[in-house]
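Chemist: Take this structure, written in structure tokens, and hold onto it; I'll ask about it next.
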Amino acid sequence: MDTATEFGRLLGPLRRAVLRTRRLEGLPDLPEAQIELLRVLADSGPLSPSDAAARLNAAPSTVSNLVRTMTAAGLVERTPSATNLRTVQLTASPRALVMLERYDRISTAALRQALDNLRPDSRRVIDQALPALAELLAGLEAAGPGGKG
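The sequence shown: position 54 = 53 (numbering that gives the first Met the number 0), numbered continuously.
Put into structure tokens, the structure is as follows:
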């Protein structure tokens, strides 16, 4: 068994299973990139678009497109920067913060229930794997788009 191949094959179905729980609760079907931007803005407070792009490891043009769509949907607010009049500060709207909290609550409840239904030894293995998964994520983020660190 090749761990990378098997793990990669599980990631998409796991993500979709969590997303289904959100849809069943009647939450809007936001793309994961929008949720990630909202999460960064909720955690960091106001950010410039370039700072948001850096935190997401995304191209500035990608963040610009996300912001345009999300501003039109009332999820992101743009305010002129107090220090640089050529840029803006981005914040998650109050509506977006409520939605993000609901997404997290529903996703966490679904994951908790699924974890609670596992055999105790399987649950222990997942619990013990969490630090390694965080390390894997850090390694992937450090490697960047080309896959080399």
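In this text, a Cβ means the ideal position worked out from N, Cα and C, and glycines have one as well.
Using 10 angstroms around the beta-carbon of M98, count the other beta-carbons present and answer buried if the total reaches 16, otherwise exposed.
Modeler: buried
Chemist: I need the straight-line Cα distance from V75 to L10, nearest angstrom please.
Modeler: For the pair V75 and L10, the Cα-to-Cα distance works out to about 28 Å.
Chemist: Closer than 8 Å, CB to CB, is L89 near chain D or not?
Modeler: The structure shown has no chain D; it contains just one protein chain.
Chemist: Could you tell me the alpha carbon to alpha carbon distance between N150 and S121, rounded to whole angstroms?
Modeler: Any answer about residue 150 is impossible in this case: the structure gives the chain only from 0 up to 148.
Chemist: Tell me which residues share the same chain as A137 and place their Cβ nearer than 7 Å to its Cβ, disregarding the 5 neighbours each side in the sequence.
Modeler: none
Chemist: Output the distance between the C-alpha atoms of G7 and R14, rounded to the nearest integer angstrom.
Modeler: 11 Å
Chemist: Starting from the C-beta of L110, find all residues in its chain whose C-beta is less than 8 Å away, skip the five residues before and the five after it, and write them out in chain order.
Modeler: Excluding positions up to five away in sequence, the list reads V17.
Chemist: Kindly provide the ranges of any alpha helix (DSSP H) runs that are 4 or more residues long and lie completely inside the stretch 30-114, ordered along the chain.
Modeler: 31-43, 48-55, 59-71
Chemist: Looking at the structure shown, is G25 part of a helix, part of a strand, or coil, going by DSSP?
Modeler: coil
Chemist: With C-beta atoms as the reference, is I105 less than 8 Å away from E24?
Modeler: yes
Chemist: May I ask which residues mark the beginning and end of the alpha helix (DSSP H) holding L117?
Modeler: Where L117 is concerned, there is no enclosing alpha helix (DSSP H), given that its DSSP letter is neither H nor E.
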